[in-house]
Structures are given as C-alpha cells and as structure tokens.
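S.K.:
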Amino acid sequence: MPVVSGVRDDAASARSQAGLTATPTRGDGPVIFRDLGRLRVEADDIEVPLPGRRLASVLARLVASVGETVPVDALIEAIWGEQPPARSAQALETVVWRLRSVLEPDRAAGEAATVVRRLPAGYRLAVPPDAVDSHRFTALAERADEALDAGDAQLALELSETALSLWRGEPYDSLTDAAWLAPTRQRLAECRAALATLHVQALLDTGHPERALSAVVPLLAEHPFRERLWAQRILGLYRTGRQADALSAYAEAQRVLSEELGIDPGPELRSLQAQILHHAAELDPPIAAAPAAQRLVPVRLPSRRGPLIGREEVVADIVRRSRSHRLVTVTGAGGAGKTRVAVEAAHHLVADHPDGVWFIDLTELRPEDGDATRLREIIAATLDLAPRPQTPVARLIADQLRDRRLLLLVDNCEQVLDAVSPVLDEILDASSAVRVLATSREALEVGDEMVVGLAPLSRDEATALFAERLATHRPDLDPFGSDRAEVERICAAVGGLPLGIELAAARVRVFELSEVAATLAGGVAELSRSGRGPQRHASMLETVDWSYRLARPDERVLHRRLATLSGPVTAEAAGVLCSVSPLTPDDAPGLLAGLVHRSLLMPARPGGSAGVTTFRQLVPTRAHADRLLEDDERGAVTAARDRWVIDAIRQAPLTGSSGQAEASAWLRDNSTAVSATLTSVLVDSPQPAALELLSRLMLHWFERGQLLEAAHWYRSAVAAAEAGAFCGVEAALARVLELSFRGLGQDRAAAARIVAELPALLDPPAASAALAGEVLVLVAVSTWVAQAAEVGAPAATAAMAIGERIGRADITVRARALLDMHRLGAPDRKSALADAREILAEPHDNEFAAFVASYACAMAALADGDPEAGLEWMRRTALAHRVLAMHPTSELLEDVARILASTDGSLEAVRCYAAAQAMHSRDGLPWPRLPHSASVIRSLRDRLPDDVYDRLWRSGERLGISRDPVTLLDEWLPAGGPSGTSGAAASSA
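As numbered in full-length UniProt numbering, residues 1 to 989 make up the sequence shown, in order.
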C-alpha cells in the first residue's frame, strides 16, 4: 500500500541556500564535467563525445585540477606515461587543439579559447568548480556534515542525497591504468564512504529507519569492519521493531570482528547492545514536531522493501534528468525492475515537489481500455479529486494541477499507450510545474520525453541481489565464496533480470542451489511465483508474453524466428530470417526497431567505428520465442540461415587476398549465425560443407583467440567421422583439421601425427581437391607454429602440387612461401631465402604469402647477424599483418623485441617485451608464446640495473594496455621497408 510521509515545505529554499542549484553555463546551455564514473562531458543533458583516449587523458588531468594551472609535463605524462615520444610537446598541442574543438565547437578561427586556456606555466580548465561533479560532490558533503553537526538532519539528508546522486561509479573508470589518478580516486572514495555513512545517520535521525537499512546493507558489504556501520544497522533494525534481528546483527558483527581481526566490539557497539536489551528510551525514533508554518507534503508511493542493489547509478541518472526534463520514461524488458527503480528515484525527488508525489498504477488496465476516459478516472481517483457536476474529468484534473509543483509516477504504461500519450500531453500542458516519471516497456513518444533504458544487472550486481535475497532464508549459504559459481549460473540463466533472480531465490527456500541451477539450465519456462503477485509477473514467460501480446503480428513472427540464433544478431541476419514468407528481407529494419521499442530485443552498438549494431534476446525472451516457434517454421528458417552462412563463407575472399579484413569483420559480427549453422551441418545432420567451413575458419578463430570454441568444432568433426558421417578422404580431412588446430597451439605431438594421414590427401578426387589443398596449407601453417618442419615441408609440397594441378595459384603461392619458411633450417637454406625474396618480387596479390616470405627474410637476417635488416623485414611483415587484419599482434612484438635485443636497443627491447606480455594477458594467451623469449628476457634483466629494468617494463606494460594493437608495432619498427620488394609488397607499402 502507498505510504504518506512528510518533508518540509521550505526544502527548496534550504537547498538553494546550501548552493545546490548553481549551474555553470557556456554559450546557450549548461556544461557539466562528469568525472564520478566514466569521464564524460554533457551540454544540455546531452553527452558530448570525446574521440580518443588522449583527449580523455588530457581532460581528466585538467578536470582533476579545475581552476589550477596544470604544467605541460604533467599533461604529457597523463597521455604517454614516463616514456613520452621525442616530439611530445608538439603532439600535446595537437591534442589540446582537438579538445578545444570538442568543448568550443562554435569558436571562430583566431578567437581566443575560453574553456581550455594556455598560460605561461601550462594549461587551465577555466570553468567554475561546480561545473565538475567531483567538486560539487565534495562541497555538498562538507555542507551535509556541517548541517548534521548543527542538528539539521533534514537538510543533511537532502544535501547528502543530492551529492550521492552524482556518483556513477569509480571516478575516471575509463582510465584505469592512469597511475597519477590513484590519489584522486582514493580521496573521492573515502569522501563517498564518509558521506554514505552520514546519509544513513541522517535517515535514522529523520525517522526513516527502513530507508537507512536499505542504504547501510551495501555499505557493510564494502566495509565489513566499520563498527559505525554495524551500529547504524543494529539501530535501524531496532527502530523498525525487529529487536531480535538487531541482537542477531550484533552477534554477527561480533563474529566478523573476532574471526577477521581478532578483536571484540568497541564501546559504541557494546553500549548499543545493552541499551537494546533494556529498551532504552534514547533509542526510540525521533518525533519531529514541524513548525506551524510548515506543512506536510503528500508522498503516496509504494514503500521501499529491501535495499536497491545494482541500480544506484541509473537512479541518480533518473533524478538528474527529472530535474531538467518534465517527462522521463524508464523503459526496459519485463522483470528488469522498472517500477522499483522509478519509486526509488521518486523518493529522492520528494523535496523538489512541495505539492506532492503520487503513484498512479495502470496495471489493471488492458489494451481494450485504450479509451483515455478510464485512464483519466484512475488519475482523478488517485489524486482524491471529488467530481463536479457538468465538469469533464480532464478539466477537473487540469484545474487541480494548475500552478502546482508535483510529480506523478505513472506505472506500467505499455498496454495503454494510445490513451497515455494524449492524457500526459494534457497534464503537461495544464501546468508547467508538473513533472511526470513513467515506466513502460516502450517509449511513450510524447514531446520533450527523456527515455532512460534499464538493462539487466551485471554478473556482480546480480550475484549481490541474489545474496541479499538469500540472507534471511538460507544464512548457511555463502554466495560470495564456496557457492558463488552456482549463484552465477542461476543469475546467468535468468539473464540478470531482477524478477528472475527473485523467483529463483524463492526456489532456494525449498531446493539446493545446485538443483535450481540444473533446472534452469534446461530453460526458465517453469520458473514461476509460488505466492501472491501480479499476474504479469507470475512467471518469467508470463512477463515476456505480456509484451508479446502488445506487438504487431509481423513483429511476433520475427520474435519467434530469432530463437534460431542464440546470441547477438545483425540486421543482415535478421533479414535472412525474414526471407521466409510471410515476411521479406526489407521488413527487417522496421521489425527490429519495433521489437527494441517493445523491450523484446536489446540493441548493442559497436564499441568504435568498426562493427555494426547487433541485437539480442534476453534469456527469458528467447525461451518464450523458442516455445512458440513451430517445427515447420523452424525448419524453413533454419534452412535459409544455413544457406546464407555457407554461401557467405564460400564467397569470401581467399586467404591472403584483398578484402580479408572485411571478411573477418563479417565473421565477427555474425558469429552467432555461424555457430548455429555449424551446429546444424556438423552436429545435427553432418554434411561435407561443414569441413569446408572449418578449413576457412581455422585461422580466423586462432588469430582472435577463440580457441575453446574452435577446439569444440574440430572435435565435433572427428566425432562425426568416427560415427560414420564422413568416410574416406572426408574422414581424413576431419582428423587432419583437428590435428592442425592443435598444432597451432604448439602441440608438436599432434602435428607429428598428421604424417599418418597425409597419403589420403596427396591424390584426392576432383570434388575434394581444392579442400585438400586448403587443408594441406593449414597443415604447413600449424607445423610452422609447432616447429615440425618434417611434417610441414611435405605438406606444403603436396599443396603446391594440388594448386598447380587444379589451377589455384593462391594455394600454390601460399604453400610455396610456407615451404621456404620450413626450409630455413635445412641445408638448402640459401635457396629457400632466395625463393622467398622472389615471391616478394613477383606480381601476385596474396598478402599471406608476402607475410610468410617477409617473415622468413627477417628471421634469416637475424640468424645472419644483421638485426637492422631484420627490423626492416619485420616492418614489411607488419604491413602484411595489418592488411590481413591478423591477430595477435603480440607474437610479432615478441619477435621485434628479440631483434631489438640483438642491436644496441636493449632498453626498447624491454619495453617491447613488456607490451607483448600485457597484450598476451589481456587476450588470455599463455606467455611467452615463443620459445626464445624467456632466455632473452633473462639476459636483458641481467644487463640492466633493477630500477631501470622495472621502470622500462612498467612503461611497456602501459603501452600494451592502452595503445591500439594495430599501430603499436610502429613504436619500434623503422619507417620505410627493405628494398627490392614489389608485387603484393609494393601494393601494400
């Protein structure tokens, strides 16, 4: 039931006097620097993009010292660390120029900059301090502390809530490797912890023990040894009438302090326990006697039940946007927690609305109630408006709202959008002081609407919510320790949706965690509510079905068909699903937009300029779609999907040909469809086409570190051959593909076993010849990595023969370059090196052959004692590597570091090795990858003083973490390249 509470009518005045309303302006709108979380700049509540890490680094350094002059050296260090490039000062000027273009886009040429100013001692961000969130935050925290000390707990509460609403996460969290930010982050974290503790105390002192408990639980999870927080929790429990729970909390605090720190509770906790046991009067909640001139503000909102976990940032965002926009709509999938989040935000906005905050529940309305009359009646009844003869309800509402400063929280709008939109337009037109906060599974599309999307909880947030729900009923479980894996399985199975977590946690009252996880692994169809609750939330499938019934018929068709793709889906893939009647591929963009609008589909935009927008169904949504998809429709759609994937991979550029980067990007973007097709043609109903796909995909998977996924498919191919699905040459190809992939992982024993399979591939039938040639090239590649030349050389020779016989010059030139690579350690080494140079001079268009040949030349130069030439050849190798969009760059860095160590570049060799190691770690690859690296690194360490070595290594690690892998090689390779290259080499250079 809604509850009524009161706040002072002069709250806005108090906040103004405290400095809460100051807003910096520039040009025609406010500009805010938000540094409490990912650094971002907002103008008129719209984010201004910061293109590139360097701009963000410079701005972060200026923001952290707003109002002060930051020396040039400090800005250079913020961008490049301790090892800046030679012309770093000039490069900094370029970065500052770009930053000014972002912050002052309308500044005329030659006009002096006003935001980032150049002074003799450096640069200064010339904006008021309160334009920076961290400065507002600390100023508000100081004023809240002063207010609480002065006995004004209400003002302290308002100030602290305003300050905490600014906190979006770890300050500057997009610059995690910036060591110079550590003191700033530490200072702000300590300020936040102190302010959060003050906020809890202010809640207790103003008679809000339930809210205090909600706030203190996550704080105790972060700081379990702070006795002040334990005291606040215990007092909050006591003041809500839960004396037994309060004493249990004291016992828990005693156990934690004893087991973890070996100490007993301090005097404050011991005194509090004694007071609780004796029901001391001083523990009773305060009774605030409001002055006669003040009046209670009606606050009719659902009560907060339990802490709000994982939604602090979005609540702060809603509060901030509600203060600058008259209509804010919280959207999201069913079960995402829209109502709970909106209610929490509305509680934070009470002080802004002296005429009241009202909760209007539209749950009972149905699509057939689309007439606005019924909606107006609900609003009038909620506002306690008495009917007047001959006065329409719309006029009654308008008259009541005119000149009143109130907030309406309109919940569950999606099923009556046709009625909601005009009614909200009437309300917003009736009074400029009324604000509306709405929840809906789709946007309302009303003028001036600001939409805030609610995503599922992250893994850690979902785990924390599950743990909080378990605390009362299953204290024997350890969701953050021994039971964490099962808890994470459960949370993943329900897609991180709070409703699913609530329903699953309820099951744990009856079943063990492992049993619940096992049940959900088979789908969420049976996950339902045991007790009371709204019908639309009775089960996970009911929640999705509520949105499904509101969708158009054609949107429902695509919703069902998307169940054939269990992951991110591109618009192109959706077009294929629409190619089966009654839809057409041209329908896909509009249908995708419609499903996103109805929260039946989640969009994911690419992280940068590369890639395309993808879409995915949440786990419960896909389970709903899969249940509705009938066998005939599933078969037709699956067949269309498989034809599309097979044709696309077959028609992609051949390995080493131009267009390799685009083909690789297509595979990345459509990996869900590729996996689904492989399941269909390799597992469900094995077909020879699967072997062709596996040969085309091997290097793509290997270069991108998708090793576990790839290993699964190659094992599946062998299993299919053993089951009789593949025979003769096809069975041999399946086995060789699996062994070759293992060879890429430096499994020399697996590579050696290929010898027994080679005879079956030497003279394949015409239908299998091209595939056999491609697979033999892969054998030559994998045995190069595994250092098994005794297998790779004959495989490359056989591939050359097949390529010449069937007229495939691309197979021939790739095999020839690989044969030269394998022959570098043989007696005819000089002949192999001459042939590699010849390949580079020939007018072919195969960058893979050029890559292998130039690498062979680089290694030969190193072996011949000419490391300078080796670096030049590595430059040519890197060019081919870049054209082919190959990964990982870190292996090439290891080779470059080895060559640098053979020159007078020992210092740079250390940095290069460190960058390679950092990239390996980031990509989850073992380190070192190359056998010679460990001994060379030991030699470098022995050569250099420890402090010099350590400084260089840290510098290289920062480069490996922060720099673009594609351009990182430019740090150490010389410009230009070796003479005498033409053909593919010349075209790339």
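Virtual Cβ for every residue (Gly too), placed ideally from N, Cα, C.
1. Mind checking residue 892: buried by the 16 CB within 10 Å criterion, or exposed?
2. Assuming the contact rule is C-beta atoms closer than 8 Å, residue 625 and residue 550 should be a hit. Round their C-beta distance to whole Å, please.
3. Per DSSP, which one or two residues make a beta bridge with residue 34?
4. Going straight from the alpha carbon of residue 426 to that of residue 394, what length do you get?
5. Take residue 990 as the anchor and find which of 274, 396, 348, 222 has the nearest alpha-carbon.
6. Run through the DSSP bridge pairs and tell me what residue 440 is partnered with.
7. Flag this pair as touching only if the segment 663 to 683 and the segment 619 to 635 have three or more C-beta atom pairs under 8 Å; answer yes or no.
8. Please name the residue or residues paired with residue 615 in a DSSP beta bridge.
9. Just to check my reading of the structure: residue 92 and residue 79 have Cβ atoms closer than 8 Å, yes? What is that Cβ distance to the nearest angstrom?
10. Can you tell me which residues form a DSSP beta bridge with residue 499?
11. Can you give me the Cβ contacts of residue 402 inside the same chain, cut-off strictly under 7 Å, excluding the 5 residues immediately before and after it?
12. If you scan the segment 759 to 836 from start to end, which runs of the alpha helix (DSSP H) of 4 or more residues do you find wholly inside it?
13. Would you mind reading off the limits of the alpha helix (DSSP H) that contains residue 360?
14. Note down, one range per segment and in chain order, each alpha helix (DSSP H) of at least 4 residues found wholly within the segment 837 to 911.
15. Compute the distance between the beta-carbons of residue 894 and residue 930, then report whether it is under 8 Å.
16. Pick helix, strand or coil for residue 291, following the three-state DSSP scheme.
17. Just confirm the distance between the C-beta atoms of residue 717 and residue 690, as a whole number of angstroms; I'd bet it's less than 8 Å.
18. What is the residue span of the alpha helix (DSSP H) that residue 123 lies within?
19. May I ask you to list the residues that DSSP assigns as paired with residue 450?
20. For residue 936, write down the residues that DSSP places opposite it in a beta bridge.
21. Would the segment 874 to 885 count as touching the segment 848 to 866 if we require 3 or more Cβ pairs under 8 Å?
22. Residue 299 lies in the beta strand (DSSP E); which residues open and close that run?
23. Could you tell me the distance, in whole angstroms, from the CA atom of residue 433 to the CA atom of residue 405?
24. DSSP three-state label for residue 26, please.
25. Whole angstroms are fine: how far does the CA of residue 156 sit from the CA of residue 289?
26. Thinking C-beta only, is residue 761 closer than 8 Å to residue 713?
27. Nearest-angstrom Cα distance between residue 479 and residue 511?
28. Note down the Cα distance separating residue 490 from residue 517, rounded to an integer number of angstroms.
29. With distance defined between alpha-carbon atoms, name the residue in 744, 809, 615, 769 nearest to residue 654.
30. Taking the C-alpha atoms as reference points, what is the distance between residue 327 and residue 498?
31. Please determine if the segment 147 to 163 and the segment 100 to 110 are in contact, where contact requires at least 3 C-beta pairs separated by less than 8 Å.
32. Tell me the rounded alpha-carbon separation between residue 196 and residue 215.
33. If you follow the alpha helix (DSSP H) that residue 425 is in, where does it begin and where does it stop?
34. Using the three-state DSSP reduction, which class does residue 704 fall into: helix, strand or coil?
35. Identify, in the order they occur along the chain, each residue of the same chain with its Cβ nearer than 8 Å to the Cβ of residue 943, setting aside the five sequence neighbours on each side.
36. Verify whether the separation of the beta carbon atoms of residue 269 and residue 227 is less than 8 Å.
M.R.: Taking the definition as stated:
1. Here residue 892 corresponds to residue number 892 of the sequence shown, with the count starting at 1. Residue 892 comes out buried.
2. Taking the sequence shown and counting its residues from 1, the one referred to as residue 625 is at position 625. Taking the sequence shown and counting its residues from 1, the one referred to as residue 550 is at position 550. Their Cβ separation, rounded to whole angstroms, is 15 Å, which puts residue 625 and residue 550 out of contact at 8 Å.
3. The residue given as residue 34 occupies position 34 in the sequence shown. DSSP output for residue 34 lists 40 as bridge partner(s).
4. For the purposes of this step, residue 426 is identified with residue 426 of the sequence shown, where counting begins at 1. For the purposes of this step, residue 394 is identified with residue 394 of the sequence shown, where counting begins at 1. If you take the alpha carbons of residue 426 and residue 394, they lie about 8 Å apart.
5. Limits of the chain in this structure are 1 at one end and 989 at the other, which puts residue 990 out of reach.
6. As a position in the sequence shown, residue 440 is number 440, starting the count at 1. The partner list for residue 440 (beta bridge, DSSP) reads 331.
7. no
8. Within the sequence shown, numbered from 1, the residue matching residue 615 stands at position 615. DSSP, once it has assigned bridges, lists 569, 603 as partnering residue 615.
9. Residue 92 sits at position 92 when you count from the first residue of the sequence shown. Residue 79 sits at position 79 when you count from the first residue of the sequence shown. At roughly 7 Å, the Cβ-Cβ gap stays under 8 Å, so residue 92 and residue 79 are in contact.
10. Here residue 499 corresponds to residue number 499 of the sequence shown, with the count starting at 1. DSSP, once it has assigned bridges, lists no residue as partnering residue 499.
11. Position 402 of the sequence shown, counting from 1, holds the residue named residue 402. Hits under 7 Å: 430, 431.
12. 759 to 762, 766 to 785, 789 to 806, 809 to 822
13. Walking along the sequence shown from the start, residue 360 turns up at place 360. Counting along the chain, residue 360 falls outside any alpha helix (DSSP H), though it belongs to the beta strand (DSSP E) covering 357 to 361.
14. 847 to 863, 867 to 883, 889 to 901
15. Within the sequence shown, the letter at position 894 stands for residue 894. Within the sequence shown, the letter at position 930 stands for residue 930. In contact: residue 894 and residue 930 (Cβ atoms closer than 8 Å).
16. Residue 291 sits at position 291 when you count from the first residue of the sequence shown. Its pLDDT being 41, under 50, residue 291 is placed unreliably in this model, and the value from its coordinates should be taken loosely. In the structure shown, residue 291 sits in coil (DSSP, three-state: anything other than H, G, I, E or B).
17. Locating residue 717 in the sequence shown gives position 717, where the first residue counts as 1. Locating residue 690 in the sequence shown gives position 690, where the first residue counts as 1. Right, their Cβ atoms sit about 7 Å apart.
18. Sequence index remark: in the sequence shown, residue 123 carries index 123 (1-based). Looking at the DSSP string, residue 123 is not in any alpha helix (DSSP H); the run it does join, the beta strand (DSSP E), is 122 to 125.
19. Here residue 450 refers to the residue found at position 450 when the sequence shown is read from its first residue. The partner list for residue 450 (beta bridge, DSSP) reads 328.
20. One-based indexing of the sequence shown puts residue 936 at position 936. Partner(s): none; residue 936 has no beta bridge.
21. yes
22. Within the sequence shown, residue 299 is the residue found at index 299, counting from 1. Per DSSP, residue 299 belongs to the beta strand (DSSP E) from 299 to 302.
23. As a first step, residue 433 is located in the sequence shown; it is residue number 433 there, counting from the start. As a first step, residue 405 is located in the sequence shown; it is residue number 405 there, counting from the start. Near 5 Å, if we compare the C-alpha coordinates of residue 405 and residue 433.
24. Numbered from its first residue, the sequence shown carries residue 26 at position 26. Its pLDDT being 43, under 50, residue 26 is placed unreliably in this model, and the coordinates cannot settle the point.
25. For the purposes of this step, residue 289 is taken as residue 289 along the sequence shown, with counting starting at 1. For the purposes of this step, residue 156 is taken as residue 156 along the sequence shown, with counting starting at 1. Its pLDDT being 40, under 50, residue 289 is placed unreliably by the model, and the measurement read from it follows with that caveat. If you take the alpha carbons of residue 289 and residue 156, they lie about 17 Å apart.
26. As a position in the sequence shown, residue 713 is number 713, starting the count at 1. As a position in the sequence shown, residue 761 is number 761, starting the count at 1. Against a cut-off of 8 Å, the Cβ pair of residue 761 and residue 713 comes out as no contact.
27. For this step, residue 479 is matched to residue 479 along the sequence shown. For this step, residue 511 is matched to residue 511 along the sequence shown. Taking the straight line joining both Cα atoms gives about 15 Å.
28. Position 490 of the sequence shown, counted from the first residue, corresponds to residue 490. Position 517 of the sequence shown, counted from the first residue, corresponds to residue 517. So the two alpha carbons sit approximately 5 Å from each other.
29. If you number the sequence shown from 1, residue 654 lands on position 654. For residue 654, the nearest C-alpha among the options comes from 809.
30. Walking along the sequence shown from the start, residue 327 turns up at place 327. Walking along the sequence shown from the start, residue 498 turns up at place 498. Going by the C-alpha atoms only, they are around 25 Å apart.
31. no
32. Stepping through the sequence shown from its first residue, residue 196 is reached at position 196. Stepping through the sequence shown from its first residue, residue 215 is reached at position 215. Taking the straight line joining both Cα atoms gives about 8 Å.
33. Within the sequence shown, numbered from 1, the residue matching residue 425 stands at position 425. Where residue 425 is concerned, the enclosing alpha helix (DSSP H) stretches over 417 to 430.
34. The residue given as residue 704 occupies position 704 in the sequence shown. Correct three-state label for residue 704: coil.
35. Position 943 of the sequence shown, counted from the start, is the residue given in the question as residue 943. Answer for residue 943: 906, listed in chain order.
36. The residue labelled residue 269 in the question sits at position 269 within the sequence shown. The residue labelled residue 227 in the question sits at position 227 within the sequence shown. Taking 8 Å as the Cβ cut-off, residue 269 and residue 227 qualify as a contacting pair.
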